[in-house]
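K.L.:
Residue numbers (the numbering used here), protein chains in the order written: chain D, 972 to 1479; chain H, 1353 to 1789. Beta carbons: idealized from backbone N, C-alpha and C, even for Gly. Input: one structure, supplied below.
Written out as structure tokens, the structure is:
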């Protein structure tokens, strides 16, 4: 289950050596995971579900006014006073927000694509699905939701996750809208971007069935794997957030918010357990509170534990009945777990290390599709090490779509290329996304003689580079600068090899 | 509403809405608070609020059992704690409905109207710093179901309250607020104090509601020097200030935005900030002596009809045959109606006019002034009897037509009255800065 080579786990390994013994603490831990979904549109409107790359178009200034009696067990008067003076500014973006995010238009009907992903996740986590789902409003007064509440809907409950050490209960699977992203905080004023608001988010909460810090990480990792298995979970920084609920004997439930990386979980659980124990040992009371996870896994006080969040019906969206026939269909067609798929693909002639790399880079599905038509080893190398190398060079690898790679592999079936040739070709494909692969491979415009002349010229100008680390790549870059678009990288690479060998020979 | 069958089941188990119940199914137990059910009643679905706060709908099958939980949650009634300082100037708030002075029961999600002025202070305590509110509620009705009778009752109530209060605020659902503001503009004569109509576009259960700022600014206007009927709501999407727009010149121009109510063909009478600053822009009359009167005679045989490509002029006959005395046509452009072939309205206008019906024209373009002289079709419409109403809003024209016909039996007199400015409904000049304000 654990992947030692995954970079985000490196922290854990530095910590495991000095992990304290938490066995006698009666540690209880539950995890809450928030995962953004990779849907085209937002949860309750037609906006693009992504962060904006554009400048904001409109700034709107608002205030929030918590309604008396709305805040449950928190100190209402204090909350009211605190929010009353605050001003919130919201930035709108051309493609990623509309009047719904600006709280100027009622929500549209729920995004069925997102709902289906959430239902699949709930079913994969063995949850009961309500016969009818009700969108709720959860009061939020820090300005991160323009409306003053977050829309959230419970789609699964009473589920479980099978771990090697036993079952961990899944108390709820909810589909909700992500909040605004904070841009800056000033005295009496917070500035938020509306682009993140409304991106579909799955929230999964476990029962406090976890009794061991490392187990907490494994559970989080497994839930993350289940979500990735749906094929609709976003990847990358900020798309998944983990909160922990920790208590020990003599302690209280403390929520640790915003644990950034999986690898931090064991240490964060352990440190919180030890903190509570230390307080209890000294006869000091442990207060139930919300603490913020720091980068070094310690925590700092954030706010008192809020009372049960006030949820009341979102009257703008009618309850939605989930037909049994629809749920049965979903159950029959649940996506294969990544862990199962990896196990299955391990039998297709590639080694375990490659399977692991494909899994980590999220390329299992691509591999499965391409390896049925082309040589699995070649496909695996392209999808792992070559893409990784190109990404490291800053090449726009998102231009190397599935269809493009398919075209490339088709070409290579008849015209096998060495690794260097392949990577050069991929570089050209990324730079010229509309040119057919065969044209790029053949080069266009310049004859081989002309290209060879450029290669020779560059080598003679940069003789000092020869024999140095990376010389080939640096020379390649310089030649490509002169011939880009007129000659293929594959041809350049071939000629470069010939010419550098020729240069080396007399010296040898 | 639950089905009759479920209602009976609840009754037999001693269960009421809001009780904690247990639903035992073959594979488990659901426990939660029984919530009211809106909409469909054709199914056996319970809505439960779980301990997590989430509502779910669960089918109750024939083998399932429902029971009232032995331990019931404590219910706490929230009592208003704030009170008004009676030495502060008094404003009467006439509540007729709308979200602006309703409260939500967060347990059940049900919405109820506020009963006491102190309940308003619960959400907007700062009102007590500068005013005392008196709350009356002659009726409670959805905005779209308002009728002429309601306008008349409201005018009488407003006039009564103007005797003892510094100003009057009317709250209503927003959809037809501009009809009501026009009605009060004509029906309350000899006005010497402010009459402020206000609503909200975001319900007051949410932290982002526009109700609070709209109400605070409305009370500020009700205590101001402006003697006029108008609508006071958000100036823009920001929560910074409101505009107070003339009752005959204001229109709901957006289905959902906070700043939906715009002054048309003129500037707002004033900008109003919650802290009490008022910037006068375009009002006519200041607070003064005098006794307002409710002048509520009204002809209800009036109609508002739109002409458009393919429209059937026979609708004029329909109204004329039923004894209608007046009709406002929303005409195209500068004041034209279809004049070609079978679709021509000219004959219908002529015949209706001959039958004694007053046929008026108002601009369906909403902005700008009619001028029948520019195109032949406009001149033909005028010759057929259509009375072009300058820059009067169609909705205002409709209300005014009923009020005018309620005051005279003479069509000639009515034609003259329709073009007489009673409540700022006709502007003499069209200001460039008023367009899309």
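To test your reading of the DSSP string, which unbroken alpha helix (DSSP H) runs of 4 or more residues are found completely within the segment 1207–1293 of chain D?
P.N.:
1236–1252
K.L.:
Buried or exposed: where does residue 1155 of chain D fall if 16 or more other Cβ atoms within 10 Å of its Cβ makes it buried?
P.N.:
exposed
K.L.:
Output the boundary residues of the beta strand (DSSP E) element that contains residue 1057 of chain D.
P.N.:
That residue, residue 1057 of chain D, is in no beta strand (DSSP E); it is neither H nor E in DSSP.
K.L.:
What does DSSP give as the partner residue(s) for residue 1488 of chain H in the beta ladder?
P.N.:
H:1446
K.L.:
Kindly indicate which three-state DSSP category residue 1018 of chain D falls into: helix, strand or coil?
P.N.:
Here DSSP, grouped into helix, strand and coil, assigns residue 1018 of chain D to coil.
K.L.:
What whole-angstrom Cβ distance do residue 1311 of chain H and residue 1550 of chain H have, given they're in contact under 8 Å?
P.N.:
Given a span of 1353 to 1789 for chain H in the structure shown, any question on residue 1311 of chain H remains unanswerable.
K.L.:
So who's on the other strand from residue 1107 of chain D, going by DSSP bridges?
P.N.:
D:1123, D:1284
K.L.:
Specify the secondary structure class of residue 1495 of chain H as computed by DSSP and reduced to three states.
P.N.:
helix
K.L.:
Would DSSP call residue 1504 of chain H helix, strand or coil?
P.N.:
The answer is helix: DSSP assigns residue 1504 of chain H an H, G or I state.
K.L.:
Taking a contact to mean a Cβ-Cβ separation below 7 Å, would you say residue 1244 of chain D touches residue 993 of chain D in this structure?
P.N.:
yes
K.L.:
Should residue 1007 of chain D be labelled buried (16 or more other beta-carbon atoms within 10 Å of its own) or exposed?
P.N.:
buried
K.L.:
Of the residues that make up the segment 1199–1233 of chain D, which ones have a beta carbon closer than 8 Å to any beta carbon in chain H?
P.N.:
none
K.L.:
Is there a Cβ of chain H sitting closer than 7 Å to that of residue 1101 of chain D, yes or no?
P.N.:
yes
K.L.:
Which chain D residues sit within Cβ distance under 8 Å of residue 1655 of chain H?
P.N.:
Neighbours of residue 1655 of chain H on chain D: none; closest Cβ ~31 Å, over 8 Å.
K.L.:
In chain D, which residues lie less than 7 Å from residue 1589 of chain H when you measure between Cβ atoms?
P.N.:
1031, 1073, 1075
K.L.:
Okay, do the segment 1515–1533 of chain H and the segment 1437–1451 of chain H touch, 3+ Cβ pairs below 8 Å being the bar?
P.N.:
Contact between the segment 1515–1533 of chain H and the segment 1437–1451 of chain H is present, because at least three Cβ pairs lie under 8 Å.
K.L.:
Of all the CB atoms in chain D, is at least one closer than 7 Å to the CB of residue 1679 of chain H?
P.N.:
For residue 1679 of chain H, the answer is no, since every Cβ of chain D falls outside 7 Å of its Cβ.
K.L.:
Under a CB-based cut-off of 7 Å, is residue 1406 of chain H close to chain D?
P.N.:
yes
K.L.:
Measure from the C-beta of residue 1118 of chain D to each C-beta in chain H and report whether the shortest distance is under 7 Å.
P.N.:
The beta carbon of residue 1118 of chain D sits closer than 7 Å to some beta carbon of chain H.
K.L.:
Does chain D have any CB closer than 7 Å to the CB of residue 1559 of chain H?
P.N.:
yes
K.L.:
Which residue spans inside the segment 1619–1673 of chain H form an unbroken beta strand (DSSP E) run of at least 3?
P.N.:
1622–1624, 1630–1632, 1654–1658
K.L.:
Could you pull out every residue in the same chain whose Cβ sits closer than 7 Å to the Cβ of residue 997 of chain D, ignoring the five residues on either side in sequence?
P.N.:
1219, 1220
K.L.:
Would you mind telling me which residues of chain H sit closer than 8 Å to residue 1035 of chain D, beta carbon to beta carbon, in chain order?
P.N.:
1559, 1560
K.L.:
By the 10 Å Cβ neighbour count, where 16 or more other Cβ atoms means buried, how is residue 1538 of chain H classified, buried or exposed?
P.N.:
buried
K.L.:
Might you give, ordered along the chain, the residues of its own chain that have their beta carbon closer than 6 Å to the beta carbon of residue 1685 of chain H, omitting 5 neighbours on each side?
P.N.:
Contacts found: none.
K.L.:
If you follow the beta strand (DSSP E) that residue 1430 of chain D is in, where does it begin and where does it stop?
P.N.:
No beta strand (DSSP E) holds residue 1430 of chain D; the alpha helix (DSSP H) holding it covers 1419–1432.
K.L.:
Measure the CB-CB distance between residue 1667 of chain H and residue 1733 of chain H and report whether it falls below 7 Å.
P.N.:
no
K.L.:
Quick one: grab the DSSP three-state call for residue 1731 of chain H.
P.N.:
helix
K.L.:
Which residues, in chain order, does the segment 1574–1599 of chain H contribute to contact with chain D at a C-beta distance below 9 Å?
P.N.:
1588, 1589, 1590, 1591, 1592
K.L.:
Quick one: which unbroken alpha helix (DSSP H) runs of 4-plus residues sit fully inside the segment 1328–1390 of chain D? Chain order, please.
P.N.:
1335–1342, 1347–1352, 1358–1363, 1373–1385
K.L.:
Determine the closest residue to residue 1675 of chain H out of H:1694, H:1653, H:1517, H:1596, with distance taken between C-alpha atoms.
P.N.:
Minimum Cα distance to residue 1675 of chain H is reached at H:1653.
K.L.:
Could you tell me which chain D residues have their CB closer than 8 Å to the CB of residue 1608 of chain H, listed as they occur along the chain?
P.N.:
1070, 1075, 1076, 1077
K.L.:
Tell me the DSSP bridge mates of residue 1005 of chain D?
P.N.:
In the DSSP assignment, the residues bridged to residue 1005 of chain D are D:1174, D:1212.
K.L.:
Would the segment 1591–1603 of chain H count as touching the segment 1743–1756 of chain H if we require 3 or more Cβ pairs under 8 Å?
P.N.:
yes
K.L.:
On the criterion of 16 or more Cβ atoms from any shown chain inside 10 Å, does residue 1136 of chain D qualify as buried, or is it exposed?
P.N.:
Classification for residue 1136 of chain D: exposed.
K.L.:
Between which residues of its own chain and residue 1431 of chain D is the CB-CB distance below 6 Å, once the five residues before and five after are set aside?
P.N.:
none
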